[in-house]
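Everything in the sequence shown is counted per this note's numbering, starting at 335 for the first residue and increasing by one.
Virtual Cβ for every residue (Gly too), placed ideally from N, Cα, C.
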Amino acid sequence: MAYRFPLSVSIIYLSISDAHLICIFFVLLKMSFQNTREYALLQDQADPLHSFRDEFLIPKQNGKQIIYLCGNSLGLQPKSTKTYIQEQLDNWENLGVEGWFEGETPWMFYHKELQKLMAPIVGAKAEEVIPMNNLTVNLHLMMVSFYRPKDKRYKILMEGGAFPSDQYAVESQIRFHGYDPQDAIIEIHPRKGEETLRTEDILSKINEHADELALVLFGGINYYTGQYFDLEAITKAGHEAGAYVGFDLAHAAGNVPLKLHDWNVDFACWCTYKYMNSSPGGISGVYIHEKHFNNKELNRFAGWWGYEATNRFKMTKGFVPERGAEGWQLSCSPVLMMAAHKASLVLFKEAGGMDILNKKSIQLTDFLEFIINDINKHIGYKQFHIITPKSAKERGCQLSIIAKKHGKIIFDELVKQHVIGDWREPDVIRISPVPFYNTFMDVFEFGHILKDICNRLKISK
Ligand SMILES: *Cc1c(COP(=O)(O)O)cnc(C)c1O
Numbered sequence: 335m336a337y338r339f340p341l342s343v344s345i346i347y348l349s350i351s352d353a354h355l356i357c358i359f360f361v362l363l364k365m366s367f368q369n370t371r372e373y374a375l376l377q378d379q380a381d382p383l384h385s386f387r388d389e390f391l392i393p394k395q396n397g398k399q400i401i402y403l404c405g406n407s408l409g410l411q412p413k414s415t416k417t418y419i420q421e422q423l424d425n426w427e428n429l430g431v432e433g434w435f436e437g438e439t440p441w442m443f444y445h446k447e448l449q450k451l452m453a454p455i456v457g458a459k460a461e462e463v464i465p466m467n468n469l470t471v472n473l474h475l476m477m478v479s480f481y482r483p484k485d486k487r488y489k490i491l492m493e494g495g496a497f498p499s500d501q502y503a504v505e506s507q508i509r510f511h512g513y514d515p516q517d518a519i520i521e522i523h524p525r526k527g528e529e530t531l532r533t534e535d536i537l538s539k540i541n542e543h544a545d546e547l548a549l550v551l552f553g554g555i556n557y558y559t560g561q562y563f564d565l566e567a568i569t570k571a572g573h574e575a576g577a578y579v580g581f582d583l584a585h586a587a588g589n590v591p592l593k594l595h596d597w598n599v600d601f602a603c604w605c606t607y608k609y610m611n612s613s614p615g616g617i618s619g620v621y622i623h624e625k626h627f628n629n630k631e632l633n634r635f636a637g638w639w640g641y642e643a644t645n646r647f648k649m650t651k652g653f654v655p656e657r658g659a660e661g662w663q664l665s666c667s668p669v670l671m672m673a674a675h676k677a678s679l680v681l682f683k684e685a686g687g688m689d690i691l692n693k694k695s696i697q698l699t700d701f702l703e704f705i706i707n708d709i710n711k712h713i714g715y716k717q718f719h720i721i722t723p724k725s726a727k728e729r730g731c732q733l734s735i736i737a738k739k740h741g742k743i744i745f746d747e748l749v750k751q752h753v754i755g756d757w758r759e760p761d762v763i764r765i766s767p768v769p770f771y772n773t774f775m776d777v778f779e780f781g782h783i784l785k786d787i788c789n790r791l792k793i794s795k
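In structure tokens form, the structure reads like this:
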């Protein structure tokens, strides 16, 4: 026995990989969470990003800041947004049309700075991204380029239960090309009794339909479940099948670190009013991999703003695209929306980028998960069921929570007490602590109020 002990220890040691060690670390971290005000306060004091909360305008009710956990739907307004917009209003006031070429930030080149700021957030080169239009419009424009049905290869594969706008965009594109959506859309659903998709099932579905797929179009993070898909693996499988692969990153951009270029993703688009805090209905972002810049085979719907910049104002016949994502622009820049976007993009840079934000995001969301489970323990049964995956690799900051009893009543009670999450039919409460402006205290207070509501409703087994 005496000599076997170290042997078995070393066997255990050898069988523990780095991944396991990291898991153990996080298990220990989670074990150390406490559902107390003191604990939350200490975490906030230790948080290197804590001062960024002051950069945002937190809505108030009755003079008190509300608990805003809804960055998944509309990010809060940076205090600097007004300044950035005012700057362009002043240019307009003082320069009139000359503002396109004059002033400190001529509108003609205003997007250049934005490209540089956007690129690291989604893991792209500056010329691979461009702010333009709105998200659904861009989904259509991207499908004009990357949905090229031909012969047997005319189908689009997407996640079941995708955001409705994406479903409608895909449906209508398919009809536009003369196909039947019932036949041409392949949706992947979770296995029976499961709520989220398994990567292996996504990949095998792609494989299974390899000969028919023209396009794989997936959400980056599903809006309903909060599941963050393995975009790299999906891209690889889609390409092996001979299809283009694009992502709607509405819930992923500014929420999780992305590496679109390295993952070889063909295209992506996202809105900037969710995790990117760039104003309601604000400008959308688009990414196109550089390998497509010179591909003359790609269709695109063109407009003068996508024309080769040096010759744009010669106003000649015959469209010649500008190199890069800029070549997909149609209309002249909506400068005020871009100004709002810039205010927020500058904050992403000042915070040190997505990896740093994500570190806090993981802690905050794990803390939220801990609090929910603690309330379940208090109630004595699993009243709150989190359908979002547990692993930080498979989620951003959003947790989608199904309340077994009185879901809508509980949600309405939360709102009455100035806790803002959101309700998604049929039965999910989405709660998203955003690392920029949410605190551990927000999460604690949310839990405190939720527990109180459950007590009052006398929820028990
Ligand atoms: C929010 C969201 C949209 C909204 O599209 P708009 O064109 O900006 O209105 C579309 N798709 C997904 C996946 C979303 O999460």
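Range covered by the beta strand (DSSP E) that runs through residue i
i	result
H623	Looking at the DSSP string, H623 is not in any beta strand (DSSP E), and its letter there is neither H nor E.
F581	578-582
G553	547-553
F780	Not the beta strand (DSSP E): F780 falls in the alpha helix (DSSP H), residues 774-790.
M492	489-493
I720	718-720
F682	Not the beta strand (DSSP E): F682 falls in the alpha helix (DSSP H), residues 669-685.
Run of the alpha helix (DSSP H) containing residue i, from where it starts to where it stops
i	result
W426	415-429
P454	444-456
I520	Premise fails: I520 lies in the beta strand (DSSP E), 519-522, not in any alpha helix (DSSP H).
I705	688-713
F601	Not the alpha helix (DSSP H): F601 falls in the beta strand (DSSP E), residues 601-604.
Inter-residue spacing [alpha-carbon to alpha-carbon] between residue i and residue j
i	j	result
R646	W638	7 Å
E546	K539	11 Å
L486	A636	Going by the sequence as given, residue 486 is Lys instead of Leu. For K486 and A636, the distance between alpha carbons rounds to 28 Å.
H511	E505	10 Å
S344	S613	Confidence at S344 is low in this model, with a pLDDT of 42, below 50, so its placement is unreliable and the value that follows should be read with caution. Whole-angstrom Cα-Cα distance: 56 Å.
M649	A643	11 Å
L791	I709	14 Å
S414	E421	11 Å
I721	G755	16 Å
M775	S734	20 Å
Q507	Y578	15 Å
P655	I455	25 Å
M452	K593	12 Å
I346	D500	Unreliable positioning characterises I346 in this predicted model, as indicated by a pLDDT of 43, which lies under 50. The coordinate reading is nonetheless provided below. Spanning the two alpha carbons is a distance of roughly 48 Å.
G495	G658	32 Å
L383	S366	21 Å
P760	K742	10 Å
P723	G527	14 Å
S342	G616	Here S342 scores only 40 on pLDDT, less than 50, and its place in the model should not be relied on; the value that follows carries that caveat. When rounded, the distance between both Cα atoms is 59 Å.
N425	H445	16 Å
G640	Y481	20 Å
K785	V762	17 Å
When the options are compared against residue i, the one with the closest alpha-carbon
i	options	result
Y771	Y488, K738, K742, C731	C731
D746	T415, E436, W757, H626	W757
H626	E421, E462, W434, Q368	E462
D596	P614, K484, A458, D378	A458
E728	D378, I555, Y502	I555
T417	L670, R790, Y481, G755	L670
A571	A587, A544, I713, I735	A544
G409	G781, I787, I765, K795	I765
I400	H752, G494, P440	H752
E566	G560, T559, G553	G553
N369	P723, P454, N707, I793	N707
V777	E389, Y402, H384	Y402
F780	K750, G494, Q411, F653	K750
K716	G640, S794, Q663, E660	S794
G787	S725, V762, H712	Looking at the sequence provided, one finds Ile at residue 787 rather than Gly. Taking only the C-alpha atoms, the option nearest I787 is H712.
P769	L375, Y373, D381	D381
C404	L748, V478, R532	L748
L698	L423, P767, P498	P767
D514	I490, E436, I536, Q663	I490
Y373	T559, K785, L784, T773	T773
Per DSSP, the bridge partner or partners of residue i
i	result
K727	Answer is none; K727 lacks a bridge partner.
R764	S734, D756
W441	In DSSP, W441 forms no bridge with anything.
V463	Y621
M476	DSSP lists no partner for M476.
F563	Partner(s): none; F563 has no beta bridge.
C404	S766
is_contact[residue i, chain D] using C-beta, thresh 7 Å
i	result
T569	This model lacks chain D altogether; it includes just one protein chain.
If we count Cβ pairs, one from each stretch, closer than 8 Å, do we get three or more for the segment 673-680 versus the segment 692-704? no
With three or more beta-carbon pairs closer than 8 Å as the criterion, would you say the segment 702-717 touches the segment 461-475? Judged by Cβ distances under 8 Å, the segment 702-717 makes no contact with the segment 461-475, as fewer than three pairs qualify.
Between the segment 569-589 and the segment 600-607, can you find at least three pairs of beta-carbon atoms closer than 8 Å? yes
Counting pairs of beta carbons, one from the segment 662-669 and one from the segment 426-445, are three or more of them closer than 8 Å? yes
Pick out every residue whose C-beta is nearer than 6 Å to a heavy atom of ligand 2: which are they, in chain order? Of the ligands this structure carries, namely ligand 1, none is ligand 2.
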